[in-house]
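In the UniProt record's numbering, the protein residues as written are 1 to 424. We put the CB at the ideal spot given by N, CA and C, even for glycine.
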Amino acid sequence: MATTQRSEQNQSVPKQPQRSRDWSWPYWPFVPLYPYGQRRTLCREIVKGKIWTFEQLQGILYVIIPVRMTVIKLAAGGLLVYAPVAPTRECIRMVKDLIEKHGEIKYIILPTASGIEHKVFTGPFSKRFPKAQVFVSPSQWTFPLNIPLSWLGLSGRQTQKLPANSADTPFADEFDYAILGPVDLGLGPFEEVALYHKPTKTLLITDSIVSIPVNPPQVLQFAPYPMLFHAKDNAFDVVEDTPTIRRKGWQRMALFAFYFQPSVLDVVNTKQTFKDARQAPDRSKKAYFGLFPVQWHPDWKRAFDTFRQDGNPVVAPILRKLIFNRNPEVVLQWADRVAQWNFRRIIPCHLDAPVMTTPQKFNQAFDFLRSAPPPQRGWFAKKQPISVNFPKEDMAFLDRVDQFLCDRNITPPAKPLPRETSEQ
Ligand SMILES: [Fe+2]
Numbered sequence: 001m002a003t004t005q006r007s008e009q010n011q012s013v014p015k016q017p018q019r020s021r022d023w024s025w026p027y028w029p030f031v032p033l034y035p036y037g038q039r040r041t042l043c044r045e046i047v048k049g050k051i052w053t054f055e056q057l058q059g060i061l062y063v064i065i066p067v068r069m070t071v072i073k074l075a076a077g078g079l080l081v082y083a084p085v086a087p088t089r090e091c092i093r094m095v096k097d098l099i100e101k102h103g104e105i106k107y108i109i110l111p112t113a114s115g116i117e118h119k120v121f122t123g124p125f126s127k128r129f130p131k132a133q134v135f136v137s138p139s140q141w142t143f144p145l146n147i148p149l150s151w152l153g154l155s156g157r158q159t160q161k162l163p164a165n166s167a168d169t170p171f172a173d174e175f176d177y178a179i180l181g182p183v184d185l186g187l188g189p190f191e192e193v194a195l196y197h198k199p200t201k202t203l204l205i206t207d208s209i210v211s212i213p214v215n216p217p218q219v220l221q222f223a224p225y226p227m228l229f230h231a232k233d234n235a236f237d238v239v240e241d242t243p244t245i246r247r248k249g250w251q252r253m254a255l256f257a258f259y260f261q262p263s264v265l266d267v268v269n270t271k272q273t274f275k276d277a278r279q280a281p282d283r284s285k286k287a288y289f290g291l292f293p294v295q296w297h298p299d300w301k302r303a304f305d306t307f308r309q310d311g312n313p314v315v316a317p318i319l320r321k322l323i324f325n326r327n328p329e330v331v332l333q334w335a336d337r338v339a340q341w342n343f344r345r346i347i348p349c350h351l352d353a354p355v356m357t358t359p360q361k362f363n364q365a366f367d368f369l370r371s372a373p374p375p376q377r378g379w380f381a382k383k384q385p386i387s388v389n390f391p392k393e394d395m396a397f398l399d400r401v402d403q404f405l406c407d408r409n410i411t412p413p414a415k416p417l418p419r420e421t422s423e424q
């Protein structure tokens, strides 16, 4: 094992080209997320000849995670697309490869009412396939202006709302779906469509569930610099580009992405940050001119391991603290319904995929919304569930955000938890 780790540390990582017309995404200023005007696409076959994922990157300030579109082959020929990504030349070319083998895109699903990182691409993607029918999550809205879908590039002729009854769609023979919400957030509702593909026992999810991998998702290898940046321990650190360093940077990025300010991270004061930057070995624009305003605690890895929960499906902290707790009853009704499907893999739109799991583990991910059962004693006491709640100290930043939003009546307060923890 030690030999493997040593050789991995010394292994150099091949350099990637930086730009290509194939990756160009000129509309990035509408939603200015990293990697802005250059978005590479990774296509992976998940179920042979039946399911493929198309992954790109998205992030803010070098906190980068994958965003994913899933394509499913229909039994009668043709394709269904769930949550489109940016239709770059490269992406469209890869989609057309599938079309050549399996038939035209018949259906495109926009499975969220609030996830702008998915909504923004659905119009431009659909325009490339005008014969496809587009189905959108019913409670669409935008902020600060509530603009019509046509302004997002979705034509009225091509687009319709998903019916409340999943049996009323032309793909009902192979698919079922359940709509989570709407959950009132004050500014607009949260809504997400879980889509179940019966023949492959596959559940497609947008944002509600993620699984956190130990190693960086493959698509992140297209843009290694953010991982190297976060692997630094301080402004003076010089890190080598090795798989071990990339993994360290990835795990810290995951902590940033979900807690924003985990307890194992201190913020360095502004004066010291600028002082350190003057002596930093890399003061390039890419390295933010040497500014590195954070300091990780030595036990940061423990926080990652706790948060990861062995790769089981989890609900991200921001959804727990600011969204799902606004209406636990509605979220649990949806989770219970989804858990009745007999799926064995989940493909979420972010982080790891596919997640090989069970409906029971999916449902347990929502136990933080259920009241804890009374403690049991004796020989027949049930095993305690895996950690239902993330550490209080790591949730402290989101607690403050929650308080801020509630104090100003921007969002409604959390509702009480309705039910006991699900069966373990
Ligand atoms: Fe998302």
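Between Ala-316 and Phe-258, the C-beta gap is smaller than 8 Å, which places the two residues in contact. The Cβ atoms of Ile-245 and Leu-228 sit closer than 8 Å to each other. Not one heavy atom of ligand 1 is found less than 7 Å from the C-beta of His-197. Around ligand 1, the residues whose beta-carbon falls short of 6 Å from at least one of its heavy atoms are Gly-115, Glu-117, His-118, Thr-206, Asp-207, Cys-349, His-350, given in chain order. Taking 3 residues as the shortest admissible run, the region 129-177 contains the following complete beta strand (DSSP E) segments, listed from N- to C-terminal end: 133-136, 159-161. Taking the C-beta atoms as reference points, Glu-174 is found no nearer than 8 Å to Ala-83.
Phe-289 places its beta carbon 8 Å or farther from that of Lys-232. Here Arg-400 is exposed. Its C-beta has fewer than 16 other C-beta atoms within 10 Å.
Spanning the alpha carbons of Val-264 and Lys-271 requires a straight line of approximately 21 Å. By the 16-neighbour rule on beta-carbons within 10 angstroms, Ala-167 is exposed.
In this structure, DSSP gives Val-67 an extended state, which the three-state scheme calls strand.
By the Cβ-count criterion, Asn-327 is buried, with 16 or more other Cβ atoms from all chains shown falling within 10 Å of its own Cβ. In terms of Cβ geometry, Pro-35 and Leu-57 form a close pair [threshold 8 Å].
Secondary structure of Thr-411 (DSSP, three-state): coil. C-alpha of Phe-390 to C-alpha of Thr-306: approximately 8 Å in a straight line. Under the 10 Å beta carbon count, Lys-248 is surrounded by 16 or more other beta carbons and is classified as buried. Less than 8 Å separates the beta-carbon of Phe-362 from that of Ala-339. Between the C-alpha atoms of Pro-148 and Lys-301 there is a straight-line separation of about 45 Å.
Thr-200 and Val-47 have their alpha carbons spaced roughly 8 Å apart. Judged by beta-carbon spacing, Gly-103 lies beyond the 8 Å limit of Leu-80, meaning their Cβ atoms are not closer than that value. In the three-state scheme derived from DSSP, where H, G and I count as helix and E and B as strand, Phe-229 is classed as helix. Per DSSP, the beta bridge partners of His-197 are Phe-175, Thr-202. For the region 268-331, the continuous alpha helix (DSSP H) assignments of 4+ residues that do not extend past its boundaries occur at 270-278, 300-308, 317-322, in sequence order.
DSSP places Val-338 in the helix class (H, G or I) of the three-state scheme. Contact fails between the region 122-130 and the region 179-193, because fewer than three Cβ pairs, one in each stretch, are under 8 Å apart.
Annotated three-state conformation of Phe-366 is coil, per DSSP.
In this structure, Thr-112 lies away from Phe-135, with their beta-carbon atoms at least 8 Å apart. If you draw a straight line from the Cα of Val-331 to the Cα of Phe-171, it is about 25 Å long. Here DSSP, grouped into helix, strand and coil, assigns Met-94 to helix.
The C-beta separation of Ile-51 from Thr-70 comes to about 7 Å, placing the pair in contact by the 8 Å criterion. Taking the CA atoms as reference points, Pro-416 sits about 39 Å from Tyr-107. The beta carbon of Lys-321 sits closer than 8 Å to the beta carbons of Met-395, Leu-398, Asp-399, Val-401, Asp-402 from its chain, once the five residues preceding and following it are set aside; these are given in chain order. A Cβ-Cβ separation of about 5 Å places His-350 in contact with Val-210 under the 8 Å criterion. By the Cβ neighbour-count rule, Val-267 is exposed, with fewer than 16 other Cβ atoms within 10 Å of its own. Phe-236 carries a coil assignment under DSSP once its states are collapsed to helix, strand and coil. The alpha carbon of Arg-40 has as its nearest neighbour, out of Phe-260, Leu-195, Phe-54, Gly-123, the alpha carbon of Phe-54.
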